[in-house]
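**Student:**
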Amino acid sequence: MVPELRKEEILKSIKKRDISYIKDLAAELNISLSTVRRDVAALEQEGSVIVMRGGAVKYKAEDFDEPVVKKKLIHSEEKEIIARKAAALVEDGDCVYVDSGTTTVGMLKYLQGKRITIVSSSTELLDNLPVKNAKCILLGGEVRDDLESVLGALTEKMISDMYFDKAFIGANGYIPDGGIYTYDDREARKKVIVKDHSKAVYVLMDTSKKNKYAFSKVFDLGEAVLITEEENSEDS
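If you read the sequence shown in full-length UniProt numbering, its first letter stands for residue 1, the second for the next number, and so on.
1. Which runs of the beta strand (DSSP E) at least 3 residues long sit entirely within the stretch 170-195? Give them in chain order.
2. Kindly indicate which residue of M158, D165, S32 and I10 has the alpha-carbon position closest to the one of L89.
3. How many Å lie between R186 and V96 at the Cα?
4. Since I believe K195 is in contact with L151 (beta carbons under 8 Å), could you give me their beta-carbon distance rounded to a whole number of angstroms?
5. Straight-line CA distance for K132 to I227?
6. Is DSSP giving Y110 helix, strand or coil here?
7. Using the DSSP secondary-structure output, state which residues sit across from S216 in a beta bridge.
8. Label K209 either buried or exposed according to how many other C-beta atoms from any shown protein chain fall within 10 Å of its C-beta, with 16 as the threshold for buried.
9. Rounded to whole angstroms, what's the CA-CA distance from G101 to A188? Just pull it up for me.
10. Quick check on the DSSP output: the beta strand (DSSP E) that includes K58 runs from which residue to which?
11. With DSSP as the reference, please indicate the residues paired to E142 in a beta bridge.
12. Closest by CA to K85, which one among D206, E148 and T117?
13. Nearest by alpha-carbon distance to K135: which of S121, E142, K114 and I50 is it?
14. So who's on the other strand from S198, going by DSSP bridges?
15. Am I right that L29 and E9 are in contact with their C-beta atoms under 8 Å? What's the rounded C-beta distance?
16. Note down the Cα distance separating S34 from A167, rounded to an integer number of angstroms.
17. Just to confirm, are L125 and L138 a CB contact at a threshold of 8 Å?
18. If distances are taken between C-alpha atoms only, which option among T123, V98, N128 and T104 comes closest to T117?
19. Identify which residue in A171, N211 and K212 has its Cα closest to the Cα of V201.
20. Quick one: is V2 buried, meaning 16 or more other Cβ sit within 10 Å of its Cβ, or exposed?
21. When you compare only the Cα positions, how much space is there between G55 and G178?
22. What's the call for I19, buried or exposed, on a 16-neighbour Cβ count within 10 Å?
23. So if DSSP puts T117 in a beta bridge, which residue, or which two residues, is it bridged to?
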């Protein structure tokens, strides 16, 4: 098994219970003790788990997301590169979904002048109006102020009645050859519905989020195109 996928399976197992034991993980996943110890040590270094005495390990519960106000100040140059690359993929006539998040919303200023329809779950869309020549639709739903996002059952129902040429999705972490992750399970459900209703799906994340887990797996990274600040990353 690919090391990153194996670590992902180990972390999933650890999340299921309050305390796990190395020997039990090895038996459950049919992996050698030495391999589990090595992978658990790597997960501890990444900040995903806490290793205790006697071969015990527990999930490190850091399931919270930084407020958008704070995230705007982090990796701003990388986010601008990603936003420009993503916006360049949008063509006249497209109906596009722009997810909540600082990187995805950064696209809006680069969409000026394109004859498109923009659907977004970010309340920050209102601060970026007008987008010249674009029809803009802000989804309804429960407002989560700290993330400047709308989500929940009403949002999911609205998305389920829509179809997009291209979707641009944000998340809190990704594992190469693995999945993408977010802290809020409602955000995860929203993103899955968008994926299922889109012809093309792009995930926008800077490389500081590489090898980072969060509470909810959204979907496999292979189901979308990853765009980072690295050159030619959209060919991933």
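For glycine and all other residues, C-beta sits at the position ideal for the given N, C-alpha and C.
**Tutor:** So, from the listed chains and residues:
1. 179-182
2. Closest by alpha carbon: D165.
3. 21 Å
4. Contact doesn't hold; Cβ gap of about 15 Å is too wide.
5. Cα to Cα, K132 sits roughly 25 Å from I227.
6. Of the three classes helix, strand and coil, the one that applies to Y110 here is helix, per DSSP.
7. T182
8. buried
9. 13 Å
10. A56 to Y59
11. L151
12. D206
13. K114
14. F164
15. 6 Å
16. 42 Å
17. yes
18. V98
19. A171
20. exposed
21. 26 Å
22. exposed
23. Looking at the DSSP assignment, T117 forms a beta bridge with C95 and K135.
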